[in-house]
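Residue numbers (the working numbering): 1026 to 1190. Beta carbons: idealized from backbone N, C-alpha and C, even for Gly. Below: the structure, in structure tokens.
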Amino acid sequence: MPAPLLVELTDRRLVYRPWKVGSALVFVAAGIALLVGTFIWTQMNDRTLQSVIVFLLFGAVLTGYGLIYTLKNAEVLIFDVATGRITKKAPFLPEKDLSRFNEVYSISRVGEMRTFHYALSRKSEHGGGNIAISDDFLSEKREPERTAFEENILPVISRLLNLKP
1026 MPAPLLVELT DRRLVYRPWK VGSALVFVAA GIALLVGTFI WTQMNDRTLQ SVIVFLLFGA
1086 VLTGYGLIYT LKNAEVLIFD VATGRITKKA PFLPEKDLSR FNEVYSISRV GEMRTFHYAL
1146 SRKSEHGGGN IAISDDFLSE KREPERTAFE ENILPVISRL LNLKP
């Protein structure tokens, strides 16, 4: 299993980051490259920044979007046996309760077109719906991340929630 996914695993608590951060960092790098390239171009061609304001705004928006996307993908899911709760923790923000262990009745594959992700299905008397617990995987490919998740994380979640495989 790739090291950054699993944060903490004890007999009472599982903390892991299901989403990849790398794809979000591409937006940050592209935005910064656009900003730096625009500044260099204006200096080399003796132009004012007002003449390239569109590029500067686009670079700033791209960088901002990438930072927000990175923070969103840096969230960790926490399965705590002591409290019987499933929570989500984003950097710099407090934990957010998603569900209780007894509100979940199964782990399912939720798919769209050629991709799917694993989700916890909640009982309808507790609001229903799905809680995503994995990143998106391609249906016809056996990726190393998917194999690692199915072999290492999924059985632990099933055991913690007392679900049948």
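Residue nearest to residue 1124 within the set 1137, 1078, 1149 and 1117 is 1149 (criterion: CA-CA distance). Cα atoms of residue 1186 and residue 1039: separation of roughly 11 Å, rounded to the nearest angstrom.
CA-CA distance, residue 1129 to residue 1147, rounds to 4 Å.
Between residue 1157 and residue 1144 the beta-carbon gap is near 5 Å, inside 8 Å, which marks them as a contact.
Note: residue 1176 is not bridge-paired with any residue in the DSSP secondary-structure output.
Within the segment 1065-1135, the complete alpha helix (DSSP H) segments of 4 residues or longer fall at 1078-1098, listed in chain order. For residue 1035, the three-state secondary structure derived from DSSP is coil. For the pair residue 1090 and residue 1060, the Cα-to-Cα distance works out to about 14 Å.
Residue pairing by DSSP places residue 1052 in no beta bridge whatsoever. Under the Cβ criterion (8 Å, minimum of three pairs), the segment 1043-1053 counts as touching the segment 1096-1113. The distance from the Cβ of residue 1053 to that of residue 1092 is about 6 Å, consistent with a contact at the 8 Å cut-off. Counting every other CB atom within 10 Å of its CB across the protein chains shown gives residue 1131 a total below 16, marking it as exposed.
In this structure, residue 1111 sits away from residue 1117, with a CB-CB distance that is not shorter than 7 Å.
By the neighbour-count criterion, in which a residue is buried when 16 or more other Cβ atoms sit within 10 angstroms of its Cβ, residue 1063 is buried.
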